[in-house]
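S.K.: Below is one structure. I have some questions about it.
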Amino acid sequence: MVIDFHSHIYPDKIAARAVENIGEFYRIPMACDGTVANLAASGLRGGIDRFVVFSAAAAPAQVPVINDYIASVVKEREGKSPAFTGLGTLHRDMEDPASEIERIARLGLKGIKLHPDMQKFDIDDKKMMDMYALLEGRMIAVFHTGDYRYGFSHPARLARVLDAFPRLTAVAAHFGGWSLHDLALEYFRNRSCYFDVSSSIPYTGRERALELIRIYGAERILFGSDFPMWDPASCLDEFNSLRLRDDERELILYKNALRILGEG
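Numbering follows our numbering, in which position 226 of the sequence shown is assigned residue number 222; successive positions increment by one, without gaps.
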């Protein structure tokens, strides 16, 4: 089994513009078009059984729209291969986050995804801390973490969140620090959280990626592609080129994901 724990999707009518915005933000070409059909096709081509899908709200008004969209896609994919599991989103400036968190649960979404650099708020903002209190022990929180250009997602900020909410199931994306992988080690080596490998191996290189997996422990790592930035099938090939033991590979490709999702 293979579960890709990090994929962004967009409605067909806005996907092209959304992908263009991502490319401009990161200043790199996008591999895919951001649509559900494109993601599913890559999964079939690469042998990926399930995708955890989400999108981040740039403004408070987008939160319920995005959450409804993700839930509708998950429902539409029921019984199809690859399967989709959805995460919702939140925004610092939204009204009544408690009600939206309850609605996220009713929609069948497993948690939330936040991208502080694009959403333009600090991970440890007071309003966000109040939201984490509602999520702790209940839902998954996936954080884009670490960008040398901004302070919003600095690993130190997520470390404060982890210390304040030890029962929060947190995933620090991109080995805990996109473009700040080694700095992230200072903050996360001995803290309780998971990591995904999305948008990382092309920058760390294979040997350093293997070292980071061994430092953190394979039981804390999730496979992820960061679609549409990268093609999931190609990311899986790249991951499988790492010199991992079979037990490590199984943990990263699906066992850890099933455990976090409450299915294993």
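Glycine included, each C-beta is placed from N, C-alpha and C at the ideal position.
Using 8 Å for Cβ pairs, my map puts M269 next to M26. What's the rounded Cβ distance?
M.R.: Outside the shown range of the chain (-3 to 260) lies residue 269, about which nothing can therefore be said.
S.K.: Over what stretch of residues does the beta strand (DSSP E) that includes G82 continue unbroken?
M.R.: Counting along the chain, the beta strand (DSSP E) containing G82 begins and ends at 79 to 82.
S.K.: Within its chain, find whatever has a CB closer than 8 Å to the CB of R216; leave out the 5 residues flanking it on each side and keep chain order.
M.R.: Contacts found: C189, Y190, F191, N252.
S.K.: What residues are listed by DSSP as bridge partners for K109?
M.R.: In DSSP, K109 forms a bridge with V138.
S.K.: Starting from H150, trace the beta strand (DSSP E) both ways and give me its first and last residue.
M.R.: Counting along the chain, H150 falls outside any beta strand (DSSP E), and DSSP gives it neither H nor E.
S.K.: Alpha carbon to alpha carbon, how far is P228 from D126?
M.R.: Whole-angstrom Cα-Cα distance: 34 Å.
S.K.: Give the C-beta separation of V32 and V69 to the nearest angstrom, bearing in mind that I take them to be a contact with Cβ-Cβ under 8 Å.
M.R.: The Cβ separation is near 6 Å, so the contact holds.
S.K.: With distance defined between alpha-carbon atoms, name the residue in I100, L176, D29, G42 nearest to A12.
M.R.: Among I100, L176, D29, G42, the Cα nearest to that of A12 is on D29.
S.K.: Would you identify the three-state DSSP class for I(-1), choosing helix, strand or coil?
M.R.: Strand.
S.K.: Considering V193, what are the terminal residues of the alpha helix (DSSP H) in which it resides?
M.R.: Here V193 belongs to no alpha helix (DSSP H), and DSSP marks it neither H nor E.
S.K.: I'd like to know whether the C-beta atoms of L218 and I248 end up nearer to each other than 8 Å.
M.R.: Against a cut-off of 8 Å, the Cβ pair of I248 and L218 comes out as a contact.
S.K.: Could you check the C-alpha separation between G82 and E182 for me, to the nearest Å?
M.R.: Roughly 31 Å separates the two Cα atoms.
S.K.: As a quick exercise: from E72, D143, L105, pick the residue whose alpha carbon is nearest that of I119.
M.R.: The shortest Cα separation from I119 among E72, D143, L105 belongs to D143.
S.K.: To the nearest whole angstrom, what separates the beta carbons of L164 and A137, a pair I think is in contact under 8 Å?
M.R.: About 6 Å; that satisfies the 8 Å criterion.
S.K.: To the nearest angstrom, how far is the alpha carbon of E96 from that of I44?
M.R.: One C-alpha to the other measures close to 31 Å.
S.K.: Nearest to E234 by alpha carbon, out of G39, G201, H177?
M.R.: Closest option to E234, Cα to Cα, is G201.
S.K.: Grouping DSSP H, G and I as helix and E and B as strand, with all else coil, what is L218?
M.R.: The answer is strand: DSSP assigns L218 an E or B state.
S.K.: By the 10 Å Cβ neighbour count, where 16 or more other Cβ atoms means buried, how is Y128 classified, buried or exposed?
M.R.: So Y128 counts as buried.
S.K.: Just curious, the beta strand (DSSP E) that T85 is in, first and last residue?
M.R.: Taken as a continuous stretch (DSSP letters only), T85 belongs to no beta strand (DSSP E), as it is neither H nor E.
S.K.: Output the distance between the C-alpha atoms of L176 and I66, rounded to the nearest integer angstrom.
M.R.: Each residue's alpha carbon lies about 30 Å from the other.
S.K.: Relative to the alpha-carbon of V49, which residue among G42, K109, R245 has its alpha-carbon at the smallest distance?
M.R.: Of the listed residues, the one whose Cα sits closest to V49 is K109.
S.K.: Which ranges would you report for the alpha helix (DSSP H) in the stretch 15 to 78 if only whole runs of at least 4 residues count?
M.R.: Correct list: 32 to 42, 58 to 72.
S.K.: Cutting at 6 Å between CB atoms, please list the residues of its own chain near M(-3), excluding the five before and the five after it.
M.R.: Excluding sequence neighbours, M(-3) sits near D45, Y250.
S.K.: From L232 to I10, what does the alpha carbon distance come to, in whole angstroms?
M.R.: Each residue's Cα considered, the two are about 27 Å apart.
S.K.: Among S3, L240, M114, V59, which one has its Cα closest to the Cα of I100?
M.R.: The residue with the shortest Cα to Cα distance from I100 is V59.
S.K.: Residues bridged to T269 by DSSP?
M.R.: The structure shown does not extend to residue 269, since the chain spans only -3 to 260, so no value can be given for it.
S.K.: Roughly how many whole angstroms lie between the Cα atoms of S77 and K71?
M.R.: Taking the straight line joining both Cα atoms gives about 13 Å.
S.K.: Taking the CB atoms as reference points, tell me whether R185 and I211 lie closer together than 8 Å.
M.R.: Taking 8 Å as the Cβ cut-off, R185 and I211 qualify as a contacting pair.
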